[in-house]
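A.B. asks: Provided herewith is a single structure, encoded as C-alpha cells, for subsequent inquiry.
There are 2 protein chains.
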Amino acid sequence: MPAVQISELRAHAGDTVTVRGWVATTRSSGKIAFVVLRDGTGQVQGVLSKKELPEAAWETFGSLTQETGLALTGVVREERRSPGGFELAVSGLEVFGPSPDYPITPKEHGTTFLFEHRHLWLRNRRPVAIARVRHEVEQAIRDFFYQEGFTLVDTPILTGAIGEDAGNLFATDYFDLGRAYLAQTGQLYVEAAAAALGKVYCFGPTFRAEKSKTRRHLTEFWMVEPEVAFNDSDANMRLQESFVSYIVGRALERRGEELKELERDTAALERVQAPFHRISYTDAVVRLNQLGSDMTWGADLGADDETLLAKDRDRPIFVYNYPKEVKAFYMKANPDDPRTVLNNDCLAPEGYGEIIGGSQREDDYDRLLARLLEQGLDPETYRWYLDLRRYGTFVHSGFGLGLERTVAWICGIPHIREAIAFPRQIHRLYP
Amino acid sequence: MPAVQISELRAHAGDTVTVRGWVATTRSSGKIAFVVLRDGTGQVQGVLSKKELPEAAWETFGSLTQETGLALTGVVREERRSPGGFELAVSGLEVFGPSPDYPITPKEHGTTFLFEHRHLWLRNRRPVAIARVRHEVEQAIRDFFYQEGFTLVDTPILTGAIGEDAGNLFATDYFDLGRAYLAQTGQLYVEAAAAALGKVYCFGPTFRAEKSKTRRHLTEFWMVEPEVAFNDSDANMRLQESFVSYIVGRALERRGEELKELERDTAALERVQAPFHRISYTDAVVRLNQLGSDMTWGADLGADDETLLAKDRDRPIFVYNYPKEVKAFYMKANPDDPRTVLNNDCLAPEGYGEIIGGSQREDDYDRLLARLLEQGLDPETYRWYLDLRRYGTFVHSGFGLGLERTVAWICGIPHIREAIAFPRQIHRLYP
C-alpha cells in the first residue's frame with residue numbers, strides 16, 4: 001500500500017492508500033466514526049463503519065487520543081464538504097505512537113502554559129498557518145534579492161563590540177581574545193561587502209539584551225539587511241517600497257489558505273503597493289500635534305506616535321530625516337539641515353508600527369569619526385569600519401527589516417512572539 | 001548621463017554612459033592610458049587618450065591609486081579582447097573616493113595580514129568569486145527545500161544546554177534565567193517541528209567553542225538541517241544524494257564563470273550524481289585495513305581515514321551504521337546490530353572529507369532516556385525533547401550539511417576560512 005501525504009490525496013482518488021499522521025479529533029455516532037488526521041501537509045477525515053471494519057480495528061478507534069500517531073488505510077473518496085475535498089473510507093488503522101494524557105486539550109489554555117509547551121503547541125492549526133506564512137515571506141525575501149542581482153553575505157554573530165548601541169549586548173568568553181558580543185546587526189559588515197560586490201544583503205538572527213517586555217520585542221529575532229553601493233536615501237526608500245510590496249504580494253498569492261485560517265483581512269494587504277506615503281520627521285511632528293500628541297521636535301517617535309501617524313493610511317508610510325540625536329552614529333548628516341540625518345523608518349499600517357529602519361551612511365571619514373567620539377564609542381573597535389571611508393569611500397544606503405514584526409503584520413497577530421517557532425524573551429529560554 | 005552597472009554595458013553599446021566603481025589597475029603608454037574599474041557586478045577597461053581628454057582629466061588619471069572611487073563617463077565600445085567584451089572610450093572622469101596607501105597591493109601578502117584586512121581583501125577577484133558561488137549554493141539550498149515542500153523553521157541560537165556535546169559551548173548570562181548557550185545544532189528543534197509540519201529544515205549559524213585549529217574548523221559556521229517525518233535511514237540517504245547533486249548542479253550551471261576564475265576542475269563536479277557510493281562502517285574498517293590503515297572496529301573515522309576511503313571515488317560516498325559509542329545519543333539503535341546506530345556520514349570526493357552527518361532518530365522513549373543518562377546528560381534539560389517520544393512518537397530522520405565545507409569543496413579551496421566572508425577561528429574575532 002503506497003504511503004502518501006495528505007496534500008497528495010487528490011491524485012489518488014479511488015485508490016487505496018495509507019496515510020500516516022497524528023489524530024486531531026475523533027467523534028462517533030454509534031455505528032459510524034470519524035477521525036481527523038493531520039500530517040503536516042494537511043488534514044483529512046477518515047470515516048469508519050463498525051459493520052465493515054474488523055472488530056479489533058473498531059476497538060482501536062475507541063482508544064485513540066489526541067496526537068496519537070496513526071496510519072490509516074482506505075479508499076480515497078471525493079467529498080466536497082470535507083476540508084481538502086477528500087476523505088478516506090477506512091479499512092485499516094494502526095497506531096505507531098500512542099499519546100496518553102496529551103497536555104494541550106481543546107479547552108482554553110493560558111499563554112504561559114502554551115509557550116511552555118511550544119514544542120507541542122506548534123502542531124495546532126494556527127501555529128502551522130503562521131509557520132507557513134513565515135516561510136513564504138522568508139523565501140520571497142531570498143528570491144527578491146536573488147532576482148535583483150544582490151549577493152548574500154552572511155555576517156558574523158560573534159563580534160567585537162560592534163553595533164548600534166554598546167549597551168544591550170550579550171557577551172561570551174572567547175578563548176584568549178577576551179569577550180565576544182552577539183551581533184545586533186550585520187549592517188557594518190555588509191557595508192564592507194557592498195564595496196566588493198555592489199548590491200549585497202545579510203539575513204540572519206540578531207540579538208538585543210534589552211529588558212523590554214512589549215509585544216514588539218524579542219531578545220533574538222531575524223533581520224534582513226540589504227546594502228547598496230551608490231544608492232542615496234531616496235533610492236533606498238524606493239527599494240524598500242518595491243521590496244515590501246513584493247513580499248506582501250507573495251504571501252497573498254501563495255498563502256491565501258493560511259491567511260484565511262488566521263482570519264486575516266487580506267483587503268488591507270492588497271493595498272500595499274508602491275509608492276508608499278512619505279512625510280518628513282519635521283512635518284510628522286506638526287501632524288502629530290494636530291492629531292493631539294504633545295510630541296516636540298527632537299524626540300524620537302514612540303509606539304503611540306507611530307500608530308497615530310499610520311492608522312488612517314491605506315499603505316505603509318515613510319518618516320524620513322530624523323534628528324541626529326535620536327539616531328545611530330553611522331547615518332549621513334543631511335546637507336540641507338544638519339540637525340537631521342538622511343534616514344527613514346517605514347511604519348506598517350493598521351497600527352503595526354515600525355518594520356524598517358534605513359539610512360544613507362556617513363561616507364566622510366572625519367564626520368564619522370566625530371560621531372563615534374560624540375557617542376562615546378571606541379574608534380579602535382571601529383578601525384576596519386573607518387577604513388571603508390579611507391579607501392575609496394562611496395555613497396551607499398541600506399536598511400533593516402525585522403522579520404517577526406513583518407510576519408506579525410502580514411498574519412494580523414498582535415504579539416510578535418507568535419511569529420517565530422521558539423521565541424526568546426527576557427523570561428523565556430525554554431523549550 | 002545615466003549611471004549604469006558594468007554588468008549592464010552590453011545593453012548600452014554605442015551610448016555614452018557613466019560607470020561608478022573602484023580602480024583595480026592602471027597602465028599608461030605615454031599618450032594612451034588604461035584604467036580597469038570594478039563595481040561589484042564586473043570589470044571594465046576604460047581607455048583614455050591624452051589628445052582627446054581635457055588636460056585636467058588627464059592629470060587626474062595620473063593621480064589614481066588602487067581602490068580609488070571613480071566615475072568614468074564615455075562611449076561603450078564592443079571590444080572582444082576586453083574582459084566582459086566591452087570597453088569605455090573615456091571622455092570624463094571624476095574621483096569621488098580617494099584611496100591613498102591602499103594596504104593590499106598586487107604583491108604577495110601573508111595569510112594573517114590578509115585576514116586582518118578581510119574587510120578590504122573581499123574586493124579582490126578570488127574572494128568575490130567565492131562569495132558568488134557561496135550565494136548560489138545557499139539560494140540552491142533554499143530553492144531545493146521550497147520546491148520539495150519543506151517548511152523553513154528558524155531554530156533558536158540562545159538555548160538551554162542542548163546539543164550534541166555539553167562541552168564546547170559558548171555561554172552568556174541571560175537575565176534572571178542563569179546561563180544561555182549558543183546552539184551547536186537546530187536538529188532537536190526541527191524534530192519538534194517535523195511533527196507539526198511533516199518536512200522541515202533550518203539553516204543558520206551554529207557555534208562550537210572547540211580548540212580545533214584545522215583547515216576544516218570554524219567556531220561559527222552555517223549549517224542546513226532538514227528533518228523529515230516518516231523517513232527511515234535509507235530514505236534519508238536518498239534525500240541527501242538528490243540534495244547534494246542539486247546544489248552542485250546549480251553551481252555548475254550558474255556560476256561557471258566564477259569556478260573558472262577559481263581554476264576549479266569542473267569535470268570532477270559534473271560526476272556528482274545520484275546514486276552515491278555506499279559502504280557500511282564495518283565494511284569500511286576492512287577496506288581501510290586493506291588500504292594500509294591500522295584503524296580498528298569501534299573507533300571513529302579520522303580525517304585521514306575519510307580521505308583514504310573517498311580519494312579514488314568519482315562521487316561522494318556514504319559510510320553508514322557507525323558504532324553507537326562514537327555517535328550522538330539521539331541516533332536510533334540498529335535493530336539488526338545493536339552495537340551500531342542507523343546513521344550515515346557523507347564524504348566528499350577529492351579528499352574534502354565529511355560534509356554531512358545524518359541519522360534516523362531514536363523514537364523510543366525508554367531507549368532515548370537510557371542513552372541520555374549513559375552520556376551523562378541531564379534529562380530535565382531535555383524534557384521537551386523527550387515529550388516528542390511521549391506524544392505520538394514517529395519514525396523520522398534528518399541530517400546536517402556544513403555550508404563552508406561544501407562551498408570549499410565546490411570551489412576547490414583548501415581551507416574553509418576562505419568560504420565565509422568574516423571567518424571566526426579561535427584566534428580571530430576581527431574584523
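Same order as they appear, the protein sequences are chains E and C.
With my numbering, the residue at position 336 of the first sequence is 336, and numbering never jumps.
With my numbering, the residue at position 292 of the second sequence is 292, and numbering never jumps.
Just so it is clear, CB atoms sit at the ideal spot from N, CA and C, and this is done for glycine as well.
None of these values were measured; they are calculated from a predicted model.
(1) Less than 7 Å between CB atoms is the rule here; does ALA267 (chain C) satisfy it with respect to chain E?
(2) At 9 Å on the CB atoms, spell out the chain C contacts of GLY149 (chain E), in chain order.
(3) Are the C-beta of ILE104 (chain C) and some C-beta of chain E separated by less than 7 Å?
(4) Take every Cβ of the region 385-402 of chain C, pair it with every Cβ of the region 352-366 of chain C, and state whether three or more of those distances are shorter than 8 Å.
(5) Residues of chain C with a CB under 9 Å from the CB of ALA131 (chain E): which are they?
(6) I'd like the ranges of any alpha helix (DSSP H) spanning at least 4 consecutive residues and lying wholly in the region 217-295 of chain E.
(7) What first and last residue would you give for the beta strand (DSSP E) that runs through GLN43 (chain E)?
(8) Just confirm the distance between the C-beta atoms of VAL23 (chain C) and VAL4 (chain C), as a whole number of angstroms; I'd bet it's less than 8 Å.
(9) Pick from C:GLU241, C:VAL75, C:ASP173: whose alpha carbon is nearest that of PHE318 (chain C)?
(10) Under 7 Å between C-beta atoms, does PHE170 (chain C) make it to chain E?
(11) With DSSP collapsed to three states, give me the class of LEU386 (chain E).
(12) Given this structure, state the Cα-to-Cα distance separating GLU225 (chain C) from ARG208 (chain C), to the nearest angstrom.
(13) Can you tell me the Cα-Cα spacing of ASP305 (chain C) and ASP283 (chain C), whole angstroms?
(14) Would you list the one or two residues that DSSP bridges to GLN425 (chain C)?
(15) Determine the closest residue to ALA251 (chain E) out of E:ILE410, E:GLU210, E:GLY186, E:HIS117, with distance taken between C-alpha atoms.
(16) Beta carbon of LEU197 (chain C), beta carbon of GLY40 (chain E): below 7 Å?
(17) Using the C-alpha atoms, what's the distance from GLU52 (chain E) back to ARG20 (chain E)?
(18) Please check the pair VAL200 (chain E) and VAL244 (chain E), which I expect to be a contact at CB under 8 Å, by giving their CB distance rounded to whole angstroms.
(19) Give me, in chain order, the residues of the same chain whose beta-carbon lies closer than 8 Å to that of GLY256 (chain E); leave out the 5 immediate sequence neighbours on both sides.
(20) Determine the contact status of THR73 (chain C) and GLY85 (chain C), defining contact as a CB-CB distance below 7 Å.
(21) Out of C:PHE113, C:LEU288, C:TYR189, which one is the CA nearest neighbour of ASP300 (chain C)?
(22) For ILE279 (chain E), is the classification buried or exposed, using 16 other Cβ atoms within 10 angstroms of its Cβ as the cut-off for buried?
(23) For the beta strand (DSSP E) containing LEU72 (chain E), name the first residue and the last one.
(24) Using the beta-carbon of each residue, which ones in chain C are nearer than 8 Å to TYR320 (chain E)?
(25) How about PHE422 (chain E) and LEU372 (chain E): do their beta carbons lie closer than 7 Å?
(26) Let me see if you follow: with CB-CB separation under 7 Å, is ARG432 (chain C) close to chain E or not?
(27) Among the residues of its own chain, which have a CB less than 8 Å from the CB of THR105 (chain C), if the five just before and after it don't count?
(28) Using a Cβ-Cβ cut-off of less than 7 Å, list which residues of the region 72-104 of chain C approach chain E; keep chain order.
(29) Check the Cβ-Cβ distances between HIS119 (chain E) and every residue of chain C, and say whether any is below 7 Å.
(30) Name, please, each residue of chain C whose Cβ falls closer than 8 Å to the Cβ of ASP234 (chain E).
(31) Following the continuous beta strand (DSSP E) through ARG142 (chain C), name the residue where it begins and the one where it ends.
(32) Measure the Cβ-Cβ separation of TYR307 (chain C) and GLY160 (chain C) and say whether it is below 7 Å.
(33) Mind checking if VAL19 (chain C) is an interface residue toward chain E, Cβ cutoff 7 Å exclusive?
(34) According to DSSP, is PHE175 (chain C) helix, strand or coil?
(35) Could you check what DSSP says for PHE113 (chain E) in three-state terms: helix, strand or coil?
C.D. replies: Let me lay it out:
(1) If you number the second sequence from 1, residue 267 (chain C) lands on position 267. Not flagged as an interface residue toward chain E: ALA267 (chain C), since no C-beta distance is shorter than 7 Å.
(2) As a working mapping, residue 149 (chain E) is identified with position 149 in the first sequence. Within chain C, the residues near GLY149 (chain E) are GLN5, SER7, THR41.
(3) Working through the second sequence from its first residue, we reach residue 104 (chain C) at position 104. Put simply, the CB of ILE104 (chain C) is far from chain E, with every gap to its CB atoms at 7 Å or more.
(4) As far as the Cβ criterion goes, the region 385-402 of chain C touches the region 352-366 of chain C, which means the pair count is three or higher.
(5) Translated into positions along the first sequence, residue 131 (chain E) becomes position 131. THR151, LEU152, VAL153, ALA193, ALA196, LEU197, VAL200, listed in chain order.
(6) Taken in chain order, the complete alpha helix (DSSP H) segments of 4 or more residues contained in the region 217-295 of chain E are 233-254, 256-261, 266-270, 281-290.
(7) For the purposes of this step, residue 43 (chain E) is taken as residue 43 along the first sequence, with counting starting at 1. For GLN43 (chain E), the uninterrupted beta strand (DSSP E) segment begins and ends at 43-49.
(8) Numbered from 1 along the second sequence, position 23 holds the residue referred to as residue 23 (chain C). Numbered from 1 along the second sequence, position 4 holds the residue referred to as residue 4 (chain C). No, VAL23 (chain C) and VAL4 (chain C) are not in contact; Cβ-Cβ is about 18 Å, not under 8 Å.
(9) The count along the second sequence starts at 1 and reaches residue 318 (chain C) at position 318. Shortest Cα-Cα distance from PHE318 (chain C) to any of C:GLU241, C:VAL75, C:ASP173 involves C:GLU241.
(10) Locating residue 170 (chain C) in the second sequence gives position 170, counting from the first residue. Using a CB distance cut-off of 7 Å, PHE170 (chain C) counts as an interface residue toward chain E.
(11) Locating residue 386 (chain E) in the first sequence gives position 386, counting from the first residue. Of the three classes helix, strand and coil, the one that applies to LEU386 (chain E) here is helix, per DSSP.
(12) Within the second sequence, residue 225 (chain C) is the residue found at index 225, counting from 1. Within the second sequence, residue 208 (chain C) is the residue found at index 208, counting from 1. If I take the Cα positions, the gap works out to 16 Å.
(13) For the purposes of this step, residue 305 (chain C) is taken as residue 305 along the second sequence, with counting starting at 1. For the purposes of this step, residue 283 (chain C) is taken as residue 283 along the second sequence, with counting starting at 1. Rounded to whole angstroms, the separation of the alpha carbons of ASP283 (chain C) and ASP305 (chain C) is 13 Å.
(14) Numbered from 1 along the second sequence, position 425 holds the residue referred to as residue 425 (chain C). Residue pairing by DSSP puts GLN425 (chain C) in a beta bridge opposite C:ARG428.
(15) Locating residue 251 (chain E) in the first sequence gives position 251, where the first residue counts as 1. The shortest Cα separation from ALA251 (chain E) among E:ILE410, E:GLU210, E:GLY186, E:HIS117 belongs to E:ILE410.
(16) Taking the second sequence and counting its residues from 1, one reaches residue 197 (chain C) at position 197. Taking the first sequence and counting its residues from 1, one reaches residue 40 (chain E) at position 40. For LEU197 (chain C) and GLY40 (chain E), yes; Cβs fall inside 7 Å.
(17) In the first sequence, counting from the first residue as 1, residue 20 (chain E) sits at position 20. In the first sequence, counting from the first residue as 1, residue 52 (chain E) sits at position 52. Across the structure, ARG20 (chain E) and GLU52 (chain E) are spaced so that their CA atoms are roughly 21 Å apart.
(18) Taking the first sequence and counting its residues from 1, the one referred to as residue 200 (chain E) is at position 200. Taking the first sequence and counting its residues from 1, the one referred to as residue 244 (chain E) is at position 244. Going by Cβ atoms, the distance from VAL200 (chain E) to VAL244 (chain E) rounds to 19 Å, so no, they are not a contact pair.
(19) Walking along the first sequence from the start, residue 256 (chain E) turns up at place 256. Short of 8 Å from the beta carbon of GLY256 (chain E), and not among the five residues preceding or following it, lie these beta carbons of its own chain, in chain order: THR266.
(20) As a first step, residue 73 (chain C) is located in the second sequence; it is residue number 73 there, counting from the start. As a first step, residue 85 (chain C) is located in the second sequence; it is residue number 85 there, counting from the start. Contact flag unset, no.
(21) Residue numbering aside, residue 300 (chain C) sits at position 300 when the second sequence is read from its first letter. Of C:PHE113, C:LEU288, C:TYR189, the residue nearest in Cα terms is C:LEU288.
(22) Indexing the first sequence from 1 puts residue 279 (chain E) at position 279. Buried is the call here.
(23) Along the first sequence, one-based indexing puts residue 72 (chain E) at 72. For LEU72 (chain E), the enclosing beta strand (DSSP E) stretches over residues 69-78.
(24) Numbered from 1 along the first sequence, position 320 holds the residue referred to as residue 320 (chain E). Those within 8 Å of TYR320 (chain E) in chain C number zero; the least Cβ separation is about 23 Å.
(25) Numbered from its first residue, the first sequence carries residue 422 (chain E) at position 422. Numbered from its first residue, the first sequence carries residue 372 (chain E) at position 372. Going by C-beta atoms, PHE422 (chain E) is not nearer than 7 Å to LEU372 (chain E).
(26) Absent from the model: residue 432 (chain C). The displayed extent of chain C is 1 to 431, so no value can be given.
(27) Counting from 1 along the second sequence, the entry for residue 105 (chain C) is found at position 105. Closer than 8 Å at the Cβ level, and outside the excluded window around THR105 (chain C), lie GLN66.
(28) Going along the region 72-104 of chain C in chain order, one finds PHE96, GLY97, SER99, TYR102 with a Cβ nearer than 7 Å to chain E.
(29) Numbered from its first residue, the first sequence carries residue 119 (chain E) at position 119. At least one chain C Cβ lies under 7 Å of HIS119 (chain E).
(30) Within the first sequence, residue 234 (chain E) is the residue found at index 234, counting from 1. None at all; the shortest Cβ gap to chain C is about 14 Å.
(31) In the second sequence, counting from the first residue as 1, residue 142 (chain C) sits at position 142. Counting along the chain, ARG142 (chain C) sits inside no beta strand (DSSP E); it lies in the alpha helix (DSSP H) bounded by residues 125-147.
(32) The residue labelled residue 307 (chain C) in the question sits at position 307 within the second sequence. The residue labelled residue 160 (chain C) in the question sits at position 160 within the second sequence. Residue identity check: residue 307 (chain C) is Thr in the sequence provided, not Tyr. Taking C-beta atoms as the reference points, THR307 (chain C) and GLY160 (chain C) fail to come closer than 7 Å.
(33) The residue given as residue 19 (chain C) occupies position 19 in the second sequence. VAL19 (chain C) does not count as touching chain E.
(34) In the second sequence, residue 175 (chain C) corresponds to position 175, counting from 1. Under the three-state reduction of DSSP, PHE175 (chain C) is assigned to helix.
(35) As a first step, residue 113 (chain E) is located in the first sequence; it is residue number 113 there, counting from the start. Assigned with DSSP and collapsed to three states, PHE113 (chain E) falls in helix.
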